[in-house]
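Encoded as C-alpha cells, the structure appears first; notes follow it.
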Amino acid sequence: MKKIVSHMKTDKTLVLCSCDHSIKYNSEAFKAGGFDDVITTDQLCGQDMDVAVAALTQRDQVVFACEQQARTFEQLTEELHAENALQASLDLIDLRDRAGWTGPDEKIKQVEAKQLALLADATLDRPGTKVREVASNGTCLIIANDASVLSFAETLGEELAVTCVLEQAPETIQPSAHYDLAVGHIQSISGGLGAFEVVFNQFSTLVATGRGASQFTTPRDAASSTCDIVIDLVSDESLLAAESTRNGYLREPAPDAIRLSTLGAQAKALVGTFEKPLYVKYEGSMCAHSRSRKTGCTRCIDTCGAKAIRSNGDGIYIDPDMCGGCGGCASVCPTGAIVYDDPPFEFLVKRLKTLVQTFMAHAEIPPRVLFIDRTFGRQLISDAARFSQGLPADVIPYEVDNVELIGHAELLATLAAGGSEALILKSPRTAKTAITNQSGLTHRLLSPTRVDLARVRILDVSDIESLESALYGTRMPAFKHDEVALLGGRREVAKRVIAAFLEHDGEQAISVALEAGDPYGAIEVDSDKCTLCLACVSQCPTGALNDRSDRPEINLVENACVQCGLCANTCPEQAITLKPQLSFGKQTLEQVSLHGEDPFECIECGRPFGVKSTIERIIEKLDGNHWMYTNSDNTKLVKMCDDCRINAQYHDENAPLRGPDRPRVRTTDDYLDS
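The opening residue of the sequence shown carries number 285 in the working numbering; numbering runs sequentially from there.
Shown next as C-alpha cells:
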C-alpha cells in the first residue's frame, strides 16, 4: 500500500478496477467492509481516468485498488494539487495481483474475504517514519583497472568532482582539469552515500607539473580518503557487504560504453540532499553486549549482513550510513535494546490481527499468512498472478521491507491471531541464516505443544511453478487454542503464545528445552567451585541475577535471563553454566536461590562479613604454612571484620608504624618526691 496525500478523513470511497474485465468484484461486499461508496471501473488508468479525477476532487478519502499504476496516479494528484483542485487523500492498494487474479477453483467467498482483509490493512493509520538527512555533494571515486576509462572520467568530471584510481599506472597521460588521477590497490571500503571511507595500499597521485613521461608520488600504504559516490569497475564481487542495501555504491566490472553511460547518469542522480529512514532504535542501557571488557551477547553483530553493527564499549554502534534496514538485528535482540522502528513491532502485530481477523470474519477457514519483501516477493506474486494461477484464496501476502525482520515472535503471533500457517518467502537478497535461526527457534518453542511444526515454514523458491507447488494442495486444517493477548514486546508475546497453546492442550507448567544461543533460559551454579564473589551479579545487564543484603547468595529471576553469557564469562572460577530453556509458571518471576552460605562472624564484634567457607579455607591454607601466620596472632586478623582488623593492627605492639610509648605526665608530687 502506498499513501500519496494525507488529509483529515471523513467518508471513505473505494474505486475498483476490473483491469479490462479480467476481475469480478462484489461491490456490496466492500460496502459491508466499511466503505461509504464503491465505484467500479474497467480501465482506471486509461479511458476511466475521469472517474479518478472526480473522486480526487469531490471525495474526502479515496482508495484506488490499483497499485500497479502508482506513478500515473502520483502525477495526477500532483497536477490536481497544483491547480488547487485536490480534495481527497489517496491510498493505493494492490488487489489485482494478490486477491483478484487467482486460481479458477478458488472459492469466491474466500477471495472476497482476502480482498476485504487487504483493504482493512491498507486503511490502517501507519506510524510516521523517522528519517535523517543524507547530503551528497558529488565527490565521486572511480576505481578502474587501466586508463581505458579515463574518457568516462573526463565526461563525468564536467559535472561531478571525480577522482579516478587505477590499478595499473599509464605510461603517458595528459593531466586533466576535470578529474584527479591516482594509482593504488583498494584495501577496504565502508560507509554509504555521502559518507564513504576508502583505504588504499601502494597509493600514489599523479604529479601534474613538469614535462615528459607521467610522474607519480612515492607510493604509500593505508592511504584513506572520503567520498560521496563510488563507481567500482574492478571488483567481480562487491567490496561491501549487503551491496543491494548500500546507496551510492555502483559496481559494474568490465562495463561497455552503454553501461558506462548508465552508471554516469546514476551517479549524477545521487547528488543532493536525501532522506534515509532510521530503521531501528537502540537503547544502550538495555544492551547485553559487554560489561567490564567481557563479551556477552553478539547476536545482532553476527546477524547483520551489512556489517553495520560493531562493538562500542559496553554496547554496540549501528552505523546509519551502512544500515540497510533488514531488521534482522531487532528480530534476534533478546533484551529489546534494538527495536525495529519502521514500523514498530506493535504495529506489525496490529496488521497481523487485522488481516487474519478480517479474513476469518468473512470466510469459513483461517488464512495462511505469507511474509514477502517489497522487491522479490512482490514481483514473484505479480508474475504468478499474470502468467499462472496466482495465490490461493486463503493465502494473505504480508509485505514488509525485508523478511529478516520477521522473528519467532511474529511467527507465533500469526498462529495465535488465528492464522493456520506462517510462511516466509525467502528472496535472493535475504540472509538465510537469520530467518532459518528464527524458524528453528519457533519450532523448538512449539515442540511440546500439539501444533504441527509444518505450520511454520520457509519457502525457498525462485520461480512461479515452485511457489504454486508449495502453496496449492497443502492446506492444513485449523487448530484450536485459547485466546492470546498479543501485547508487549517480542519476548512477552512469544511466552504468552506458547503458554496459551500449552494450557489449551492441558499441559502443566513445564520447561521447553532449547539450544545454545536461544534467548531464553536459566543458569546453573557449581556450588563446589563458587566462592560467592558476586561478580556475576554486578555484571548481569537485565537484573536476572540478584544478591541479598544479609547473607552471601546468588538468586535468579529466570524470566529476565536472556542467555547473554556475561555471568559465565565473568566468573573467575568458571562455576556458571548456561541452561537454555523456556519455563512457565510463577516461579519464573520469583527469585530462586542458586547458591548461598552463612556469613562469617567477626571474633571481636560479632558482625557478619564475608563467606564462612571462604574465610575458613583461607585460615586453613595460611595457618602454620606461612611464616607470617606461624606462632603469631595474625591468623586472628583474618577472622575479624575490616574495622576490627584495622583497630587490632593499629594497637599491635609490633605494628611497623608504632612509635614509642607516650611519656608519663609528670605532676607536682613527682618533683616534691625527688
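Beta carbons: idealized from backbone N, C-alpha and C, even for Gly.
Distance CB(residue i)-CB(residue j) smaller than 8 Å
{"i": "Arg713", "j": "Ser877", "result": "no"}
{"i": "His879", "j": "Ser822", "result": "no"}
{"i": "Val518", "j": "Glu451", "result": "yes"}
{"i": "Ala419", "j": "Thr557", "result": "yes"}
{"i": "Ala706", "j": "Arg739", "result": "yes"}
{"i": "Lys710", "j": "Asp667", "result": "no"}
{"i": "Arg535", "j": "Asp516", "result": "yes"}
{"i": "Lys863", "j": "Ile807", "result": "yes"}
{"i": "Leu400", "j": "Gly317", "result": "yes"}
{"i": "Ala718", "j": "Ser615", "result": "yes"}
{"i": "Thr872", "j": "Glu900", "result": "no"}
{"i": "Ile457", "j": "Ala431", "result": "yes"}
{"i": "Ala700", "j": "Val768", "result": "yes"}
{"i": "Asp799", "j": "Arg741", "result": "Residue identity differs from the one stated: residue 799 is Glu in this sequence, not Asp. Not closer than 8 Å, so no."}
DSSP state of residue i mapped onto helix, strand, coil
{"i": "Cys303", "result": "coil"}
{"i": "Asp936", "result": "coil"}
{"i": "Ile515", "result": "strand"}
{"i": "Thr709", "result": "First, the amino acid is wrong: residue 709 is Leu here, not Thr. In this structure, Leu709 counts as strand in the three-state DSSP scheme."}
{"i": "Val633", "result": "helix"}
{"i": "Lys286", "result": "Note that Lys286 has pLDDT 45, beneath the 50 cutoff, so the model's placement of it is unreliable and the number below is only indicative. DSSP places Lys286 in strand when its eight states are reduced to three."}
{"i": "Gln471", "result": "strand"}
{"i": "Asp926", "result": "helix"}
{"i": "Leu906", "result": "helix"}
{"i": "Leu654", "result": "strand"}
{"i": "Phe763", "result": "coil"}
{"i": "His879", "result": "strand"}
{"i": "Thr733", "result": "coil"}
{"i": "Ala445", "result": "strand"}
{"i": "Thr324", "result": "strand"}
{"i": "Gly384", "result": "helix"}
{"i": "Glu390", "result": "coil"}
{"i": "Lys560", "result": "strand"}
With 16 other Cβ atoms within 10 Å as the buried cut-off, status of residue i
{"i": "Met606", "result": "buried"}
{"i": "His935", "result": "exposed"}
{"i": "Asn938", "result": "exposed"}
{"i": "Val846", "result": "buried"}
{"i": "Ile930", "result": "exposed"}
{"i": "Ala828", "result": "buried"}
{"i": "Asn686", "result": "buried"}
{"i": "Val491", "result": "exposed"}
{"i": "Ala647", "result": "buried"}
{"i": "Asn909", "result": "exposed"}
{"i": "Glu749", "result": "exposed"}
{"i": "Ser723", "result": "buried"}
{"i": "Trp385", "result": "buried"}
Cutoff 6 Å; reference residue i; Cβ partners in own chain excluding five residues on either side
{"i": "Asp405", "result": "Arg635, Thr638 and Leu639"}
{"i": "Lys414", "result": "Leu562"}
{"i": "Val299", "result": "Ile323, Ala339 and Phe348"}
{"i": "Cys448", "result": "Ile426, Ala437, Tyr463 and Leu465"}
{"i": "Lys308", "result": "none"}
{"i": "Arg891", "result": "Cys925"}
{"i": "Asp954", "result": "none"}
{"i": "Val633", "result": "Ala697 and Leu770"}
{"i": "Leu230", "result": "The structure shown has nothing for residue 230, since the chain only spans 285 to 958."}
{"i": "Asp802", "result": "Leu725 and Pro864"}
{"i": "Thr642", "result": "Leu400, Ala401 and Ala404"}
{"i": "Pro940", "result": "none"}
Residue i at chain D interface by Cβ criterion, 8 Å
{"i": "Leu440", "result": "Given the protein chain composition of this structure (a single chain), no chain D is represented."}
Residues of its chain near residue i, where Cβ-Cβ distance is below 7 Å and the 5 sequence neighbours each way are ignored
{"i": "Asp763", "result": "The residue asked about is misnamed: residue 763 is Phe in this sequence, not Asp. These residues qualify, in order along the chain: Val735."}
{"i": "Cys889", "result": "Cys925 and Cys928"}
{"i": "Gly703", "result": "Val640, Pro650, Pro651, Arg652 and Val653"}
{"i": "Ile1019", "result": "Because residue 1019 is not part of the residues shown, which for the chain are 285 to 958, the question remains open."}
{"i": "Asp917", "result": "none"}
{"i": "Pro539", "result": "Leu517 and Leu547"}
Cutoff 8 Å; reference residue i; Cβ partners in own chain excluding five residues on either side
{"i": "Thr733", "result": "Ile782, Phe785, Leu786, Asp789 and Glu791"}
{"i": "Tyr756", "result": "Gly387, Gln673 and Pro676"}
{"i": "Gly532", "result": "Ser420, Gly476, Leu477, Gly478, Phe480, Asp512, Ile513, Val514 and Leu554"}
{"i": "Val289", "result": "Confidence is the limiting factor: at Val289 the pLDDT is only 43, short of 50, which leaves the residue's position unreliable and the question unanswerable from this model."}
Legend entry - Segment contact flag, the stretch 645-661 with the stretch 676-685, C-beta cutoff 8 Å, min 3 pairs: Between the stretch 645-661 and the stretch 676-685, the count of C-beta pairs closer than 8 Å reaches three or more; the two stretches touch.
Legend entry - contact_flag[the stretch 331-350, the stretch 389-396] where n(CB pairs < 8 Å) is 3 or more: Touching, no.
Inset, instruction - Check whether the stretch 468-480 touches the stretch 601-619, counting contact only when three or more Cβ pairs, one atom from each stretch, lie closer than 8 Å. - result: Yes: at least three Cβ pairs fall under 8 Å.
Inset, instruction - Determine contact between the stretch 501-514 and the stretch 570-583, defined as no fewer than three beta-carbon pairs at a distance below 8 Å. - result: Counting Cβ pairs under 8 Å, fewer than three are found: no touch.
Legend entry - Stretch-stretch touch, CB-based, cutoff 8 Å, three pairs: the stretch 802-817 with the stretch 829-840: Yes: at least three Cβ pairs fall under 8 Å.
Inset, instruction - Could you say if the stretch 612-627 and the stretch 375-384 meet the contact criterion of at least three C-beta pairs nearer than 8 Å? - result: By the C-beta criterion, the stretch 612-627 is judged not to be in contact with the stretch 375-384, since fewer than 3 inter-stretch pairs fall below 8 Å.
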